[in-house]
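Residue numbering for the sequence shown follows this note's numbering, beginning at 40 and increasing consecutively.
Note that beta-carbon positions come from the ideal geometry of N, C-alpha and C, so glycine has one too.
Since the model is a prediction, treat every value here as computed from it, not as a measurement.
As structure tokens, the structure follows; a few thoughts come after it.
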Amino acid sequence: MPKKAPRRTAERILETTLELFNRFGEPNVSTTLISAELGISPGNLYYHYPAKDELINSLFERYERSLNELLGAADGVRHVEDAWFFLHSLFERIWEYRFLYRDLNDLLSKNRLLETRFQGLLAAKTRAVRGLLGGLGRSGAIQIDSRELEPTADSMVVLLTYWLSFEYVRDPRRALEPDHAQAALLRGAQHVLHQLAPYLEPAQRQHLMALSSAYQR
């Protein structure tokens with residue numbers, strides 16, 4: 040039983056670090072603040088995570104695993120409602136680790152491992168979105184020229200990656216607060232999905248408009 044204690048402490052450290060990073064931004068959170076929030080000594084924190092980058096990398100690995108599990112479902116999307124649910128779920132994962140996107144450029148400039156791994160994750164997102172478009176095409180929900188598929192997928196991935204930055208610029212004081220999460224996620228999913236509007240068959244386009252209207256109430 041005593042052997043499990045270090046793992047529990049390590050878990051608590053990561054959970055608290057994620058909460059503080061999301062709330063204040065990674066550059067504004069020191070290891071001293073993390074240990075004080077946990078009520079443990081800095082030495083105890085360093086025992087589990089000797090450097091701040093190790094905390095960041097561990098959180099990113101968690102995010103990467105969680106996101107990759109979801110991305111695998113993209114090929115199963117056949118209709119607008121499937122795509123809406125998939126994209127909203129994707130934004131929920133992004134929101135859970137929003138500090139990565141809030142401070143993305145700063146993090147990548149300082150952490151070579153994160154830079155490489157995030158590039159891989161971006162490629163995985165792109166493959167998933169192309170798979171989503173392929174599934175919609177096979178079901179007849181969209182009609183898109185093969186020459187337009189790649190730039191459309193790229194545009195959707197850009198929105199997925201930088202939507203929270205856009206929200207933050209619009210309202211820096213409130214955009215990334217938990218009570219604004221649902222509205223931000225819905226707006227993000229809606230705008231990504233609207234990239235497909237010109238290619239949707241008429242009934243699917245009407246369904247998209249109905250979904251958008253319902254969630255704007």
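Query                                                                                                                                              : Result
How would you call Q182, buried or exposed, if buried means at least 16 neighbouring beta carbons within 10 angstroms?                             : exposed
Quick one: is G227 buried, meaning 16 or more other Cβ sit within 10 Å of its Cβ, or exposed?                                                      : buried
Can you find at least 3 beta carbon pairs, one from the region 116-128 and one from the region 215-232, that sit closer than 8 Å?                  : yes
Less than 8 Å between the CB atoms is what I'm expecting for T165 and Q234, so what's the real figure, rounded?                                    : That belief does not hold up - the Cβ atoms of T165 and Q234 are roughly 14 Å apart, past 8 Å.
Mapping DSSP to helix, strand and coil, what is I183?                                                                                              : coil
So what's L84 in DSSP terms, helix, strand or just coil?                                                                                           : helix
Please report how far the alpha carbon of Q221 lies from the alpha carbon of E206, in whole angstroms.                                             : 12 Å
For L215, does the three-state DSSP call read helix, strand or coil?                                                                               : coil
Quick check: what's the CA-CA separation for E240 versus R177?                                                                                     : 12 Å
Using 8 Å as the threshold, is the region 141-158 in touch with the region 59-73, meaning 3 or more CB pairs across them?                          : yes
Three or more beta-carbon pairs under 8 Å between the region 109-120 and the region 209-220, yes or no?                                            : no
Hey, quick one: how far does the alpha helix (DSSP H) through Y102 stretch, first residue to last?                                                 : 91-110
Answer with buried or exposed for L152, where buried requires no fewer than 16 other C-beta atoms within 10 angstroms of its C-beta.               : exposed
Taking C-beta to C-beta, are R56 and L94 nearer than 9 Å?                                                                                          : It is Thr, not Arg, that sits at residue 56 in the sequence shown. Going by C-beta atoms, T56 is nearer than 9 Å to L94.
Is DSSP giving P41 helix, strand or coil here?                                                                                                     : With a pLDDT of 49 at P41, under the threshold of 50, the modelled position of this residue cannot be trusted, and the question is left open.
Looking at C-alpha atoms only, which residue of A242, A75, L232, F99 is the closest neighbour of E154?                                             : F99
Quick one: residues in its chain with C-beta nearer than 6 Å to the C-beta of M40, no 5 flanking neighbours on either side, listed in chain order? : Below a pLDDT of 50, predicted positions are generally treated as unreliable, and M40, at 46, falls in that range; no measurement from the model is reported.
Between R62, R104, L53, which has its C-alpha nearest A214's C-alpha?                                                                              : R62
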